[in-house]
Amino acid sequence: VEPTNAELDQAIQDREDDAKITELAGLSEVAYQKRRAEAATELGLRMPVLDGAVRKKRSQVKAADTILPHWKVEPWPDEVDTAALLKGIVGVFKRYIILPKHAVEAIALWTLHAWTFDAGDISPFLALTSPTRRCGKTSGLVLLCWLTPKSVLAGNISATAIFRYVEQTRPTLLIDEADSFLEGNEEMRGILNSGHTKAAAYVIRNVEISGEHQPQRFSTWAPKAIATIGNLPTTLEDRSVVVKMQRKPKGARVARCRRHDCVEFENLRRQAHRWATGNVAHLKAAAPVLPEALNDRAADNWEPLLAIADLAGGDWPKRAREAALALSGDEAAGEDDLAIELIKDISVIFHKVGKEAIFTKDVISRLVAAEERPWAVYGRAGKPILDRQVARLLRPFSIVSGNVRIGDDQAKGYERVWFERARERYAPHFDPSQPSQRPKADETGTSG
């Protein structure tokens with residue numbers, strides 16, 4: 003259909019207006035303020051509207067100037083099979099890094115999730131953790147840098163830079179050495195937490211616009227991977243698919259990790275680009291069956307990854323669910339925070355003594371006597387846990403010690419029913435009669 007004269011005139015006018023706004027965006031702030039009122043009249047815009055258009059144009063120009071070479075991806079010319087693409091990604095990680103069992107499946111699925119994260123409402127973080135340095139975390143992030151869209155690898159980043167950079171470029175954000183700057187940084191933790199759920203992935207900050215401070219909303223919605231020595235803060239770990247890495251065993255051999263782009267990485271990016279374009283609609287409508295053993299948050303984290311595995315077919319649905327249970331199931335070491343571990347251990351004590359109530363002093367002595375658990379060497383002081391420390395861990399679950407009677411004796415203690423209620427809510431698959439099923443864990447929830 004041929005455009006009408008009115009449509010042609012409007013298109014010409016739009017191009018001319020855009021050119022004027024581009025010209026204004028290129029001016030210094032002082033020069034812009036001098037032209038602002040006149041330009042608003044010429045364009046028929048209110049000045050706040052013009053300010054917004056100029057600010058957006060400046061962001062676009064700035065973003066164009068900061069595009070990294072590997073961000074420019076030419077789509078693969080042919081249709082891409084999901085399973086074949088996952089196989090290629092798995093091959094890369096196996097070639098360069100020694101990973102724990104099931105981790106390579108999780109990482110490969112998360113890599114494709116980064117290309118299609120907008121298809122769902124949840125974007126889980128990928129957390130690469132280790133007990134010490136030289137365990138392959140940075141190498142893992144480097145490979146992700148070459149295989150994910152618009153990726154940027156940062157060894158340090160400020161809280162404000164996160165939301166400003168995400169708002170500007172919508173990258174795949176890869177954060178290394180988070181242990182060096184994340185601990186105690188409540189603002190950064192809150193900003194990162196917000197980016198887990200699309201509906202809540204915003205922060206609001208005051209911004210100076212034309213000499214006035216006005217509240218502005220910034221997006222935090224982008225795929226993120228974080229590498230750290232030790233555990234992440236519990237709220238971040240709860241939103242993550244966690245891969246616990248170790249140093250490679252003596253005698254294990256892997257290829258030296260490529261720190262630069264190559265044809266193999268470029269081809270996988272091109273295939274992932276083409277694959278994402280053809281499968282976003284399918285993933286938006288996907289409703290994968292989630293393992294019952296996953297708690298609600300873990301199920302949220304794995305849902306977009308399992309949707310990709312189901313799309314791949316073959317043995318991928320089975321492999322992905324095995325990975326989900328191994329890395330994020332109730333039986334996974336470190337899945338529950340320390341307070342829930344305490345609830346489980348006291349439930350085991352109640353099962354062993356067979357009573358409806360126990361005095362606090364007896365609970366403490368039994369906790370400390372369990373050498374394989376974290377209570378005998380607790381906290382930074384490395385001393386046996388105290389009754390006040392137990393009380394502090396249990397208080398958020400509405401479990402508060404009170405006067406209980408056992409026979410003719412009365413003292414401060416706990417009732418069995420309090421822990422049964424808490425266990426039903428927070429550890430529904432844990433059986434206190436089978437404590438041997440649980441891994442031996444230290445106070446951080448990490449098993450050997």
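In this note's numbering, the protein residues as written are 3 to 450. Glycine included, C-beta positions come from ideal geometry on N, C-alpha and C.
- Pick from F432, R48, F127: whose alpha carbon is nearest that of L238? F127
- Query: When the distance is taken between beta carbons, is C137 closer than 7 angstroms to R249?
  - Reply: Yes; because the gap between Cβ atoms is below 7 angstroms, this pair is in contact.
- With a CB to CB cut of under 8 angstroms and the five nearest residues on each side skipped, what residues in its chain are close to R135? I231
- Message: In the DSSP output, which residue or residues are listed as bridge partners for K385?
- Response: Y380
- Task: Examine the Cβ distances between the region 289 to 296 and the region 116 to 127 and report whether three or more of them are shorter than 8 angstroms.
- Result: no
- Where DSSP assigns a beta bridge to S330, which residues make up the other side? Looking at the DSSP assignment, S330 forms no beta bridge with any residue, so it has no partner.
- Query: Which residue's Cα is closest to the Cα of K89: A378, G315, L369, G384?
  - Reply: G315
- Below-7 angstroms beta-carbon distance, R255 vs any chain D residue: Note that chain D does not occur in the displayed structure, where there is just one protein chain.
- Message: Pop quiz: L26 and V51 are said to be a contact at Cβ under 8 angstroms. What is the actual Cβ separation, rounded to whole angstroms?
- Response: About 13 angstroms separates the two Cβ atoms, so there is no contact after all.
- Query: Quick one: Cα of L308 to Cα of L329, how far?
  - Reply: Each residue's Cα considered, the two are about 14 angstroms apart.
- Task: Confirm, please, whether the CB-CB distance from R271 to W78 is below 7 angstroms.
- Result: Cβ atoms of W78 and R271: not closer than 7 angstroms.
- Task: Taking only the alpha-carbon atoms, compute the straight-line gap between E42 and M49 and give it to the nearest angstrom.
- Result: In the sequence under discussion, the amino acid at residue 42 is Ala, which differs from the Glu named in the question. For A42 and M49, the distance between alpha carbons rounds to 6 angstroms.
- Task: Could you spell out the range, first to last residue, of the beta strand (DSSP E) harbouring P217?
- Result: 214 to 221
- Task: Measure from the alpha carbon of R390 to the alpha carbon of each residue in A203, F432, V402, then state which is nearest.
- Result: Nearest C-alpha to R390: V402.
- Query: What are the complete alpha helix (DSSP H) segments, minimum 4 residues, inside the region 34 to 92?
  - Reply: Within the region 34 to 92, the complete alpha helix (DSSP H) runs of at least 4 residues are 49 to 67.
- Are the Cβ atoms of R427 and S349 separated by less than 7 angstroms? no
- Query: Is the CB-CB distance between P151 and W112 below 7 angstroms?
  - Reply: no
- Message: Taking only three categories from DSSP, how would you classify K139?
- Response: Three-state result, K139: helix.
- Starting from the Cα of V205, find the closest Cα among P217, I69, D364 and give me that residue. The alpha carbon of V205 has as its nearest neighbour, out of P217, I69, D364, the alpha carbon of P217.
- Message: I need the DSSP call for K442, collapsed to helix, strand or coil.
- Response: At K442 the pLDDT is 47, less than 50, meaning the model places this residue with poor confidence and gives no usable figure here.
- As assigned by DSSP and simplified to three states, the class of R207: strand
- Within this structure, are the beta carbons of F220 and F165 separated by less than 7 angstroms? Yes, the Cβ-Cβ distance between F220 and F165 is below 7 angstroms.
- According to DSSP, is K226 helix, strand or coil? strand
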